[in-house]
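Just below is one structure, and these are the notes that go with it.
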Amino acid sequence: MAMTNEKLLEVNDLCVTYRIGKKSLEAVKGVSFHLRPGFCLGIVGESGSGKSTIAASVLGILPRELAKVNGEVLWGDEDLLRLSRARLNALRGAEISMIFQNPSQALHPMYTIEFQLEQVFDKVSSSNFSKGTLSVSEAMSMARLKCSKDILNTYPHELSGGMKQRVMLAMALMGKPQLIVADEPTSALDVTVQLEVIELLRSIIANENVSLLLISHNLGVVAGIADEIVVLRNGGIVESGTAEQILLEPQHTYTRELVGIRV
Amino acid sequence: MSKDLLVELIDIEKVFLARKNFMNKVKPQKALSNIDLQIYPGETLGIVGETGSGKSTLGKIILGLERPTSGRLFIQGKEVLTSRTRSKIGSEYGFQMVFQDPAGSLNPQLRIEQVLAEALGTVESSPGSSRMVRLQQSLEEVELSKEFLNRYSGQMSGGQQQRVANARALLTKPRLLVLDEAVSALDAVTQSHLLRLLKKLQKKHNLTYIFISHDLEAVAEMSDRTVVMYQGRIVEQGESSTIYHRPKHPYTRGLKASIPIRDPRLAKTQRSLMRRDLLTNEEVPQHACPFVDRCPISDEAKCITATPQLTCVPEYSNHKVACHYYRDFDERFNQIGKG
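Read top to bottom, the protein sequences are chains A and B. Start counting the first sequence at 19; every next residue gets the next number (this note's numbering). Start counting the second sequence at 49; every next residue gets the next number (this note's numbering).
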């Protein structure tokens with residue numbers, strides 16, 4: 019990993035306000051950070067701190083009717099907040115992809131794993147001629163799944179949580195994205211499987227030159243992957259720095275409180 | 049059966065009938081096999097295992113909520129598995145359960161007062177005024193103010209809801225509480241508060257706890273003895289400190305090695321002990337060790353052909369492990385690592 023100041027993703031003064039009936043709720047209040055290529059940035063905070071809202075706005079999947087988004091999210095020379103729907107659609111999966119918390123909800127219960135993997139393959143290969151894509155079997159082996167009938171021909175409910183999350187990862191990797199946004203990718207998994215997924219993500223960042231935006235409330239998970247950490251509270255950044263700075267020498271009282279708690 | 053035992057399970061087996069899809073034939077799924085377990089009054093027994101290990105099913109069988117396919121269940125030396133007695137375990141012997149999801153176990157349409165009064169009504173009928181006092185006391189015990197009696201569960205935080213669930217269980221003056229992932233849905237700070245409270249209540253009321261969790265650290269901290277389950281079998285059991293500090297079974301070792309580390313320098317090199325070939329979805333053969341496909345030290349000869357039985361570990365008292373090769377773990381693990 020070369021130390022560069024190059025920025026893959028740059029978020030400047032991001033504000034998100036949700037409209038709930040007649041009231042409005044400021045979920046993210048002027049957040050700025052950037053992510054360097056080949057690195058992992060962890061965003062930590064309690065529930066309600068705005069972590070997932072940030073992830074969703076990076077991908078442009080917040081419903082525009084419900085959320086007012088201000089600021090800028092720079093991806094190369096494009097601002098993701100001001101892209102057309104068509105361009106965003108082409109970008110997702112091919113340049114930026116996402117892994118969600120609950121793999122059982124993210125996979126369609128009525129289609130086989132093979133069908134769903136192929137659907138993703140068709141989508142990314144149509145928007146990605148220049149860069150090329152991984153085949154289904156390549157993506158599966160990268161997610162450490164055996165490309166055999168006993169996985170391909172099953173429905174999601176027949177697989178364990180860890181396997182489903184690996185299927186999600188295979189889908190995310192298929193378009194050879196430069197950035198993966200992972201929102202609590204391990205919190206639905208058992209600790210043993212959690213560690214296996216952490217190892218997997220670590221090796222993918224190292225070997226495939228993918229960057230990771232990792233969102234988690236579990237400092238142990240973030241400690242295992244992230245190079246840099248942003249601590250979020252009530253929609254604002256409390257503290258940010260390298261993983262060592264945040265976890266070993268936290269400056270802010272809130273961060274200290276977070277770090278002091280048993281995992 | 050020994051008299052000082054509170055609960056004894058002998059060779060309990062539970063089979064669920066499941067269909068792979070709705071066209072297929074019904075396929076038996078073993079949730080528990082060969083469970084022998086003793087529970088002593090006043091102790092905390094921890095049960096640890098991952099999703100699908102059968103730990104909740106075991107808790108429900110002890111409470112009579114689930115009927116085992118075969119095996120015998122004794123409570124204070126009396127056999128209670130006939131269908132007539134089984135349904136009365138809760139009220140007759142004072143066994144109660146607290147579930148994982150506090151929001152799901154409280155009726156959202158009832159005020160907390162009504163929720164608690166319902167539980168009180170099942171054990172006694174007391175006049176209105178003393179009833180109110182009882183309800184207030186029960187909230188005090190779980191460190192909630194009496195104002196909460198007028199709230200609905202939706203107006204409370206997860207930690208407060210879980211306290212109400214505990215208060216409700218305690219109102220029936222139970223002797224044994226099954227805590228099924230009772231703190232897992234809460235954040236770390238609330239968790240440690242609630243665990244402390246549970247310990248205090250145990251002392252005060254001389255309760256027996258069965259503490260079920262996927263979190264080895266929390267189980268070791270809470271309980272006197274720990275049982276480790278994998279795929280419906282007990283793979284290791286013994287004193288909690290021995291299980292936590294000197295685990296013998298490869299699965300328990302793997303669980304311990306997977307506990308997240310906060311120090312980024314150590315966390316970056318943390319490795320799973322489980323086997324690292326490509327994952328498949330094939331079923332483990334029936335007579336194999338259930339852990340064979342993930343075990344770092346399993347071999348084709350013994351582990352595939354014979355399910356290991358729980359055997360005593362001579363170095364520690366009351367410590368049992370079900371593994372053919374637990375004695376040679378380090379040697380075999382290093383060998384495989386090199387090869």
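Note that the Cβ used here is the ideal one computed from N, Cα and C, for glycine as well. All of these numbers come straight from a predicted model, not from anything done at the bench.
Q: Under 7 Å Cβ to Cβ from P127/A, same chain only, skipping five residues before and after it: list those, please.
A: Here the question's residue 127/A lines up with position 109 in the first sequence. Excluding sequence neighbours, P127/A sits near Y173, P174 and H175.
Determine the DSSP secondary structure at T355/B, reduced to helix, strand or coil. As a position in the second sequence, residue 355/B is number 307, starting the count at 1. It is coil, neither helix nor strand.
For D31/A, which residues from the same chain have a beta carbon less than 6 Å from its beta carbon, with the 5 sequence-adjacent residues on both sides left out?
-> Locating residue 31/A in the first sequence gives position 13, where the first residue counts as 1. Only G48, S50 and G89 meet the Cβ criterion.
Practice task
Identify each residue in the region 154-174 of chain A for which the Cβ-Cβ distance to at least one residue of chain B is less than 7 Å, and report them in chain order.
Solution key: S159, R162, L163, K164, S166, D168, I169 and T172
Checklist entry - By a C-beta neighbour count over all protein chains shown, 10 Å radius and 16 as the cutoff for buried, is A104/A buried or exposed? => result If you number the first sequence from 1, residue 104/A lands on position 86. A104/A comes out exposed.
message: Please confirm whether Q285/B has its beta-carbon closer than 7 Å to some beta-carbon of chain D.
response: Protein chains A and B are contained in the structure displayed, whereas chain D is not.
query = What is the DSSP secondary structure of M21/A, reduced to helix, strand or coil?
reply = For the purposes of this step, residue 21/A is identified with residue 3 of the first sequence, where counting begins at 1. Here M21/A scores only 49 on pLDDT, less than 50, and its place in the model is too uncertain to base an answer on.
Going by alpha carbons, who is nearest to L232/A out of M116/A, A124/A and G180/A?
As a working mapping, residue 232/A is identified with position 214 in the first sequence. Cα-wise, what sits closest to L232/A is M116/A.
Neighbour flag for P268/A against chain B, beta carbons, 7 Å = In the first sequence, the residue the question calls residue 268/A occupies position 250. Taking Cβ atoms only, chain B never reaches closer than 7 Å to P268/A, which makes this a no.
Practice prompt. Enumerate in chain order the residues of its own chain whose CB-to-CB distance from T273/A is below 8 Å, with the five nearest sequence positions on each side excluded.
Written response: Taking the first sequence and counting its residues from 1, the one referred to as residue 273/A is at position 255. The answer, listed in chain order, is V249, V256, E257 and I264.
- Task: Please list the partners that K316/B has in chain A, where partner means a Cβ-to-Cβ separation under 7 Å.
- Result: Here residue 316/B refers to the residue found at position 268 of the second sequence. Those are G242, listed as they occur along chain A.
Tell me which same chain residues have a C-beta within less than 7 Å of the C-beta of L164/B, skipping the five on either side of it?
-> Against the second sequence, residue 164/B aligns to sequence position 116. For L164/B, where only same-chain residues beyond five positions count, the Cβ hits under 7 Å are L183, S186, A215, R216 and L219.
* To do: With DSSP collapsed to three states, give me the class of E28/A.
  => Your numbering for residue 28/A matches position 10 in the first sequence. Of the three classes helix, strand and coil, the one that applies to E28/A here is strand, per DSSP.
Checklist entry - Any C-beta of chain B sitting closer than 7 Å to the C-beta of G56/A? => result Taking the first sequence and counting its residues from 1, the one referred to as residue 56/A is at position 38. No, no contact with chain B.
Pop quiz: T117/B and V63/B are said to be a contact at Cβ under 8 Å. What is the actual Cβ separation, rounded to whole angstroms? As a first step, residue 117/B is located in the second sequence; it is residue number 69 there, counting from the start. As a first step, residue 63/B is located in the second sequence; it is residue number 15 there, counting from the start. About 5 Å separates the two Cβ atoms, so the contact holds.
(Q) Measuring alpha carbon to alpha carbon, tell me which residue in V283/B, P150/B, A233/B and Y200/B is nearest N82/B. (A) Counting from one through the second sequence, the residue named residue 82/B turns up at place 34. Here the closest residue by C-alpha is V283/B.
Exercise. List the residues of chain A whose Cβ lies closer than 8 Å to the Cβ of D311/B, in chain order.
Key: Stepping through the second sequence from its first residue, residue 311/B is reached at position 263. Those are A241, L265 and L266, listed as they occur along chain A.
What residues of chain B sit near E262/A, judged by a beta carbon separation below 8 Å?
Numbered from 1 along the first sequence, position 244 holds the residue referred to as residue 262/A. Residues of chain B passing the Cβ test: P312 and R313.
- Can you tell me whether N354/B is buried or exposed, with buried defined as 16 or more other CB within 10 angstroms of its CB? Start at 1 with the first residue of the second sequence, and residue 354/B comes out as number 306. Contrary to the premise, residue 354/B reads as Ala rather than Asn in this sequence. Counting Cβ neighbours within 10 Å, A354/B comes out exposed, since fewer than 16 surround it.
At a Cβ threshold of 7 Å, is L246/B touching chain A? Indexing the second sequence from 1 puts residue 246/B at position 198. Not an interface residue.
State the beta-bridge partners of E127/B as determined by DSSP. To locate residue 127/B, count along the second sequence from 1; it is residue 79. Residue pairing of E127/B in beta bridges, as defined by DSSP: F122/B.
For V361/B and T290/B, what's the separation of their Cα atoms in angstroms?
Counting from one through the second sequence, the residue named residue 361/B turns up at place 313. Counting from one through the second sequence, the residue named residue 290/B turns up at place 242. Approximately 11 Å, taken between the alpha carbons.
With 16 other CB atoms within 10 Å as the buried threshold, where does Q148/B fall? Along the second sequence, one-based indexing puts residue 148/B at 100. Buried is the call here.
Notebook entry, point to check: How about I169/A and I222/A: are their beta carbons less than 7 Å apart?
Noted result: As a position in the first sequence, residue 169/A is number 151, starting the count at 1. As a position in the first sequence, residue 222/A is number 204, starting the count at 1. No, Cβ-Cβ distance for I169/A and I222/A is not below 7 Å.
- List the endpoints of the continuous beta strand (DSSP E) containing T99/B. Within the second sequence, numbered from 1, the residue matching residue 99/B stands at position 51. Careful: T99/B lies outside any beta strand (DSSP E) and carries neither H nor E.
(message) Which residue marks the beginning of the beta strand (DSSP E) containing N82/B, and which one marks its end?
(response) For the purposes of this step, residue 82/B is identified with residue 34 of the second sequence, where counting begins at 1. N82/B -> beta strand (DSSP E) spans V74 to I87.
Taking Cβ positions only, does M21/A come closer than 7 Å to chain B? Residue numbering aside, residue 21/A sits at position 3 when the first sequence is read from its first letter. For M21/A, the pLDDT reaches just 49, beneath the cut-off of 50, and the residue's location in the model is therefore unreliable, although a value from the coordinates is still provided. False, the Cβ-Cβ gap to chain B never drops below 7 Å.
- Item | Helix, strand or coil at I58/B according to DSSP, with G and I counted as helix | Taking the first residue of the second sequence as position 1, residue 58/B is located at position 10. Reduced to three states, the DSSP call for I58/B is strand.
Q | Bounding residues of the beta strand (DSSP E) (the contiguous stretch that carries T15/A) | A | A query on residue 15/A cannot be resolved here, the shown segment of chain A reaching from 19 to 281 and no further.
- What's the call for H293/B, buried or exposed, on a 16-neighbour Cβ count within 10 Å? Within the second sequence, the letter at position 245 stands for residue 293/B. H293/B comes out exposed.
Evaluate contact between the region 253-268 of chain B and the region 95-107 of chain B, counting only Cβ atoms and requiring at least three cross-stretch pairs below 8 Å. yes
- Task: Could you tell me which residues DSSP pairs with G259/A in its beta bridges?
- Result: The count along the first sequence starts at 1 and reaches residue 259/A at position 241. According to DSSP, G259/A bridges with I247/A.
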